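Everything on this sheet refers to the single structure shown next.
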Amino acid sequence: LLAFFAPKLLAGRRLLVTAGPTFEAMDPVRGITNLSSGKMGFALARAAREAGAEVTLVAGPVHLTTPRGVRRVDVQSAQEMLVAVEQHIQDAGVFMATAAVADWRPAQQSGRKIKKDGSGQPPVLDFVENPDILATLARSARALEGALFCVGFSAESHDLLANATAKRARKGVPLLVGNIGPATFGRDDNALLLVDADGHRELPRASKRVLAQQLIAEVAARLPPLPS
Ligand code: CTP
Ligand code: CA
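Each residue of the sequence shown is one higher than the last, beginning at 180 in full-length UniProt numbering.
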C-alpha cells in the first residue's frame, strides 16, 4: 500500500527498449534470424511504464501483446531497428537494448525468390556485419554527456562474468545485464547478473516480470536527478 502512494520511480523519464530478434532477408521468402521471444524486453517495457516512464518499445518480429500505455514500433532488420531507435531516442533518458540483433545480414538481398538452378549446388551467401545499435547509442553525444543511460544485455554460453565484463567495456555502457544459466530463451523465468563500474551482483531466479521490476529499480537508482 505504501508503495502505491510513493512517487513512481521513473516519473518524468522517457525510456526506449529494443526487444525480440531481428530478421535479415535474403529474398522475399527467406532470411536469417535468431531465437529470442522478446519476453524480457516486453516485461521491461511494462515495468517501466508501471514505474511512470513514457515508454517506446522497438520490437523485431515477436508474438507478444503490447503492454498497456507503451508505444510500439515494429521492425524487421537490424538496420530498420537502428533507424527506429534513432527516430525515437530524442529526449529519452534511458536506452535498454534487450534485442537479440542478428550480427550479420546477407550481403545481397534478391528481389525475387532464389530458385534451385538444377545443378545440385547450393547458392553461396556472403554476409556483412550489421550496425551495433547499442554501441552506436552509447557513443552518442547525449550518452557521453550523461543525459542518456544505456543498458546492454548479453546471453553467453560460458564464462558469463568474464564475457559480460569485457562486453560492458567494449560497448561503453555503464550497466550490462547477463543471463545466468542456459536456455533462458522463451522461458518465463530467468536469473540475471548485473555488471557495472563497481563490480557485479546477482538477481536470483524469478519470473521475468519480477526481474524486470527489480531491474527498473536498479536503473532508476543510477539515473541523474531530473532537472527541476
Ligand atoms: N546489440 C545491438 N546491436 C547489435 C548487436 C548487439 O544493439 N548489432 C546489443 C544487444 O541488444 C545487447 C548487447 O548489444 O544489448 C550485447 O549483444 P551481444 O550479441 O551479446 O553482443 P555482441 O557485441 O554482438 O557480441 P557476440 O554476439 O559476438 O557475443
Ligand atoms: Ca551478437
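The beta carbon of each residue, even a glycine, is placed where N, CA and C say it ideally should be. Computed from a predicted model, the values in this text were never measured in an experiment.
Flag residue 282 as yes when its Cβ comes closer than 7 Å to any non-hydrogen atom of ligand 2, and as no otherwise. yes
Residue 279 versus 299, 396 and 214, residue with shortest Cα-Cα distance: 214
With a threshold of 6 Å on Cβ separation, who are the neighbours of residue 350 within its own chain once the five nearest residues in sequence on each side are excluded? 313, 314, 317 and 331
To the nearest angstrom, how far is it from the Cα of residue 262 to the Cα of residue 398? 25 Å
Drop a sphere of 10 angstroms on the beta-carbon of residue 392, count the other beta-carbons inside from all chains shown, and report buried for 16 or more, exposed for fewer. buried
Residues bridged to residue 337 by DSSP? The partner list for residue 337 (beta bridge, DSSP) is empty, contrary to what the question assumes.
DSSP three-state label for residue 303, please. coil
Which residues in the same chain have their Cβ closer than 6 Å to the Cβ of residue 231, if we skip the five residues on either side of it in sequence? 187, 189 and 190
Return yes when at least one heavy atom of ligand 1 lies under 7 Å from the C-beta of residue 212, else no. no
Rounded C-beta distance between residue 305 and residue 281? I'm assuming under 8 Å. Not a contact, Cβ separation roughly 15 Å.
Bounding residues of the beta strand (DSSP E) (the contiguous stretch that carries residue 379): 378-386
Beta-carbon spacing of residue 357, residue 341 below 8 Å: no
Count the other CB atoms, across all protein chains shown, that sit within 10 Å of the CB of residue 207; report buried if there are 16 or more and exposed otherwise. exposed
Name the one or two DSSP bridge partners that residue 200 has. 279
Residue 313 Cβ short of 7 Å to ligand 1 heavy atom set: yes
Distance check for residue 267 and residue 192, CA to CA, integer angstroms please. 14 Å
List the DSSP bridge partners of residue 330. 275 and 354
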